[in-house]
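Working notes, beginning with the structure itself.
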Amino acid sequence: MLEERYKNNAKPSPRFAVSCQHYSFAVNAFVDVIRAFDASHYDFTIREEQTHEIIEDVARMKSELGVIYLSDRNREVIGKMLRAEELEFKPLFTAAPHVFVCSSHPLAGRASVTFDDLDDYPYLSYEQGDFNSFYFSEEPASTLDRRKNIRVRDRATLFNLLIGLNGYTVCSGVISHELNGENIIALPLEADEHMEIGVITRKGTTLSRYGKAYLEAIRRHVPGDAGDE
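Counting in the numbering used here, the sequence shown runs from 1362 upward without gaps.
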């Protein structure tokens, strides 16, 4: 009886969800939103997922925003999917490829590295399930042949393997030492490809106050001027 009365009188918790590729800056922005509103109750969700899942989440309104990257290699295919789902991509920043390695890696002191330098070390990438083609890969230059490949589903496992096996992954170079500690560092990768990282939203929709706050927060965590709306 008391529980029933409480349920009837309780205010609904504010809800907000974002889906993203495995970027620490996307998590940092999520933390900022929660801290900014400092609500006594809320029901928020952040999902680090496969690329196609992010697109599906935003299209089906499971998430208000998604964070993905485009490149010259995947832009046509991903762009076609976004148009079919009536989603739009808003760029945040463009990054030259880097590699994440552990701070004790034999190459850690280099000013930059090449793929030839990395040939002896395990290459780590995020599994994309049934969509495991390079179009949906989170890593630039994913079409190159590597002798040692390991696929993972989550960022913690990837970082543990970077440290345990002297592995590497290709990335934007943006890392949060606040979240990830000092054990992982970014080295510039000598490669032609570039990453355009941005946010996907549903066309014709207005972001909630949480969505707007997230967009503002994520811009504070990415390099340079992420642009104005």
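Heads up, the beta-carbon is just placed ideally off N, CA and C, and yes, glycines get one too.
- A distance below 8 Å separates the beta carbons of Ser1385 and Ser1537.
- A distance of 8 Å or more separates the beta carbons of Glu1414 and Gly1572.
- At a cut-off of 3 residues, the continuous stretches assigned as beta strand (DSSP E) that sit fully inside the region 1446 to 1515 are 1448 to 1456, 1459 to 1463, 1484 to 1487, 1510 to 1513.
- For Val1392, the enclosing alpha helix (DSSP H) stretches over residues 1385 to 1398.
- Counted as a single uninterrupted DSSP element, the beta strand (DSSP E) harbouring Ile1561 occupies residues 1556 to 1563.
- Look at the beta carbons and you see the region 1553 to 1567 touching the region 1406 to 1422: at least three pairs across the two are nearer than 8 Å.
- For Tyr1487 against Arg1507, the beta-carbon gap comes to about 15 Å, at or over 8 Å, which does not count as contact.
- In the three-state DSSP reduction, Ala1547 falls in the strand class (E or B).
- Counted as a single uninterrupted DSSP element, the beta strand (DSSP E) harbouring Ile1429 occupies residues 1426 to 1431.
- Rounded to whole angstroms, Glu1551 and Ala1445 show a C-alpha spacing of 35 Å.
- DSSP, reduced to helix, strand and coil, places Tyr1403 outside both helices and strands of the structure shown, so it counts as coil.
- Going by C-alpha positions, Thr1567 is about 49 Å away from Pro1467.
- If you check the CB distance, Asn1527 and Tyr1575 do not come in under 8 Å.
- Its chain contains Phe1454, Ala1456, Val1535 as the residues whose beta carbon lies nearer than 8 Å to that of Pro1584, once the 5 sequence neighbours on both sides are disregarded; these appear in chain order.
- Under the three-state reduction of DSSP, Ala1378 is assigned to strand.
- For Val1583, there is no enclosing alpha helix (DSSP H), as DSSP gives it neither H nor E.
- By a beta-carbon distance limit of 8 Å, Glu1557 contacts Pro1452. Their separation comes to about 5 Å.
- Secondary structure of Val1419 (DSSP, three-state): helix.
- Spanning the alpha carbons of Phe1461 and Val1531 requires a straight line of approximately 7 Å.
- Within the same chain, and ignoring the five residues on either side of His1582 in sequence, the residues whose Cβ sits closer than 6 Å to its Cβ are Phe1386, Asn1389, Ala1390.
- Around Arg1512, the same chain offers Ser1486, Glu1488 as residues with beta carbons nearer than 6 Å, after the five sequence neighbours per side are excluded.
- Under the three-state reduction of DSSP output, Thr1530 falls in the strand class.
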